[in-house]
Amino acid sequence: MAIPNRTEDWPRLFVLMDIPGLGSAHRWLVIPLGAMYLVSFFGNGTILAVVRAERGLRAPMYLLLCMLALADLGLSASTLPSMLSVFLLRSRAVLAGACFAQLFSIHTFSVIESAVLLAMAFDRFVAIWNPLRYASVLTGATVAKMGAAIVFRSVGLHLPLPFMLRELRYGKARALSHSYCVHPDVLRLACVDTRVNSAYGLFVLLSTLGLDSVLILLSYAMILKTVLRIATWKARLKALNTCVSHICAVLLFYSPLLSLSMIHRFGKEMPPQVYLLLSYLHFLLPPVLNPVIYSVKTKEIRRRVFGMFQRKGLGFRL
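Count along the sequence shown from 1, add 96, and you get the number used in this note's numbering.
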């Protein structure tokens, strides 16, 4: 009996790519990339340790900040293995199973972060709209339910992706565009009809990042409307000041995505390095800068971080 002529045998291999045009300079990228991952793991880990150690930081705002730190840690841990493989070990081949697992992890933690940012926007709205009811509306149980719903939505929507990709057939060209696996990048290598996969990917994108961004904008419209009702400018600025860290986190997360959308629509002649740079910024910058922003801007976090280092004899001073 003749064996059917398949385009490839399982297990399939994909080839990760570095940044084109840099030549031998790739080896030097290990230093800034390594520094970024160290800052991400250390910064987010410090925030988790501080909130866990200090009972005074068990308020909803700080519990949501812990969720954001966990999402950032997950996002960093998802991209780290393949980035090290490409830039440090110069090894680009990755098994399809590992690639599918990575893209599931990357997209899941990315959507978790988006949902946590939405929850934090709601937290800021309640705190400004009716501060007297803040503690009764956002209780610890409520935050726990929000966290469970966020994880359930993110995992549930992305769980079918690896199985759907596994059923596709791929041609001999297996070169991806990044040093990590993401769904659109893998999908374009399929040599069969991918309309169902593309439609499902678009549905997931619109129902998560798209919906979250619209609701965040709506939340800030309501916050601004509430702030404008406050009598004095000093009180208005004080209320808005509590949102600065969150606004910075939202801009860090959504700005590269918005820029990519604008380039796809209006900048088709842009060099591929621009696409790659924005993609790297989307996945690398938020985990690095979010803990820095919240540590610098949030007085309670900053004071307790310095206090923790002082107790350990590191010599920091306020």
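Think of the CB as a built atom: it goes at the ideal place given N, C-alpha and C, for glycine as much as any other residue.
Check: Residues sharing a beta bridge with Y133, DSSP; Outcome: Paired residue(s): none; Y133 is not in a bridge.
Check: For M242 and A317, the rounded distance between their alpha carbons; Outcome: 22 Å
Check: Contacts around A40, its chain only, beta-carbon distance under 7 Å, and the 5 residues preceding and following it disregarded; Outcome: This structure does not reach residue 40, given that the chain is present from 97 up to 414, and the question cannot be answered.
Check: Where the beta strand (DSSP E) containing A189 begins and where it ends; Outcome: 189-191
Check: Within the stretch 146-212, ranges of the beta strand (DSSP E) (whole runs, at least 3 residues); Outcome: 189-191
Check: DSSP-derived helix/strand/coil call for A65; Outcome: Residue 65 lies beyond the stretch modelled for the chain, which goes from 97 to 414, so this question has no answer here.
Check: Buried or exposed by the 16-neighbour rule on C-beta atoms within 10 Å, applied to I208; Outcome: buried
Check: Contact check, H274 vs G297, beta carbons under 7 Å; Outcome: no
Check: D219 versus P368 - alpha carbon distance; Outcome: 39 Å
Check: Buried or exposed (CB count within 10 angstroms, at least 16 for buried), A271; Outcome: exposed
Check: The stretch 330-349 / the stretch 386-405 touching (three or more Cβ pairs under 8 Å); Outcome: yes
Check: Best match in Y133, M132, L159, L134 for proximity to A145 [C-alpha to C-alpha]; Outcome: L159
Check: For L385, the nearest candidate out of P156, I319, A155, D168 (CA to CA); Outcome: D168
Check: Simplified DSSP state of A269, which is helix, strand or coil; Outcome: coil
Check: Range covered by the alpha helix (DSSP H) that runs through L380; Outcome: 368-393
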